[in-house]
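Written below as structure tokens is the structure these notes are about.
In full-length UniProt numbering, the protein residues as written are 1 to 231.
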């Protein structure tokens with residue numbers, strides 16, 4: 001029987017994409033799944049859908065900040081209580097760099113995406129955990145240098161400015177939109193029988209687990225409070 005599959009589309013500007021990413025990476029519920037992470041540009045999705053950023057909606061701008069902290073507490077996700085610098089920051093250059101890193105994993109035919117997940121772990125931790133301005137050029141380079149060394153960081157930054165990198169991000173963003181995305185986190189899931197459905201929002205992880213036939217922890221289990229909140 002085939003293993004369940006999840007494709008999670010991400011942009012480091014989205015706190016809820018970060019929450020979903022962290023849960024998929026760390027929660028034992030998803031250990032039996034093949035998970036693929038795809039960097040996209042959230043601004044592109046919002047434009048294509050004619051969607052309005054929650055931060056621009058009166059009252060919702062306050063509510064989503066409360067909501068992200070609630071889910072972070074439920075699933076023990078490290079997150080800053082304050083908003084990161086310049087939020088919502090323009091992450092175009094960050095996401096193009098992540099596409100270049102994604103391409104390195106693809107060239108190595110490594111479906112575990114070790115380079116991309118290493119980079120996403122760090123960029124999410126720095127931006128949403130530590131409140132670092134990773135979208136600023138000097139912090140972007142500093143973060144990449146810490147991950148891969150100065151020479152490779154400069155190479156990634158140079159590559160991210162090429163037409164190929166720009167097209168890679170556009171292609172990923174179009175792929176997310178074509179699969180049904182209108183915001184993040186957007187997850188496309190395929191169960192063991194080959195049935196595929198899309199799910200939006202960290203608050204729908206319970207439905208993801210149910211659709212994929214995954215066993216969720218009991219209330220007393222570690223992380224159980226988060227899963228209880230999803231019921």
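Every residue gets a Cβ at the ideal spot worked out from N, C-alpha and C, and that includes glycine.
Between residue i and residue j, what straight-line distance do the alpha-carbon atoms span, to the nearest angstrom?
i	j	result
residue 219	residue 155	Its pLDDT being 42, under 50, residue 219 is placed unreliably in this model, and the coordinates cannot settle the point.
residue 109	residue 36	13 Å
residue 254	residue 213	With the chain covering 1 to 231 only, the question about residue 254 has no answer from this structure.
residue 73	residue 193	34 Å
residue 131	residue 1	43 Å
residue 234	residue 54	Because the chain is modelled from 1 through 231, residue 234 falls outside the range shown and cannot be assessed.
residue 127	residue 210	31 Å
residue 208	residue 145	36 Å
residue 59	residue 68	15 Å
residue 39	residue 84	20 Å
Could you spell out the range, first to last residue, of the alpha helix (DSSP H) harbouring residue i?
i	result
residue 217	Taken as a continuous stretch (DSSP letters only), residue 217 belongs to no alpha helix (DSSP H), as it is neither H nor E.
So residue i and residue j are in contact, right, with Cβ under 8 Å, and what is the actual spacing, rounded?
i	j	result
residue 32	residue 80	With a Cβ gap of about 32 Å, residue 32 and residue 80 do not count as contacting.
residue 4	residue 190	7 Å
residue 20	residue 185	4 Å
residue 176	residue 45	6 Å
residue 88	residue 13	5 Å
residue 86	residue 41	So it is not a contact: roughly 16 Å between Cβ atoms.
Which residue comes first and which comes last in the beta strand (DSSP E) that contains residue i?
i	result
residue 39	34-39
residue 29	It is not in any beta strand (DSSP E) - residue 29 carries neither H nor E in the DSSP assignment.
residue 10	5-10
Any chance the CB of residue i is under 6 Å from a heavy atom of the ligand SAH?
i	result
residue 193	As for the ligand SAH, it is missing from this structure, which has no ligand bound.
The stretch 126-143 in contact with the stretch 87-103 per 3-pair CB rule at 8 Å: Short answer: they touch.
Runs of beta strand (DSSP E) wholly within the stretch 171-217 (minimum 3 residues, chain order): Here the runs fully enclosed are 186-190, 196-200.
Given 8 Å, three or more beta-carbon pairs between the stretch 38-52 and the stretch 20-30: Taking 8 Å as the limit for Cβ pairs, the verdict is that the stretch 20-30 does not touch the stretch 38-52.
Continuous alpha helix (DSSP H) assignments of at least 4 residues falling wholly in the stretch 114-173: Given a length threshold of 4 residues, each whole run of the alpha helix (DSSP H) inside the stretch 114-173 is given here in chain order: 114-124, 137-148, 150-160.
Contiguous alpha helix (DSSP H) assignments of at least 4 residues, all confined to the stretch 39-94: Every alpha helix (DSSP H) stretch that sits fully inside the stretch 39-94 and reaches 4 residues is listed by chain position as 42-49, 60-74.
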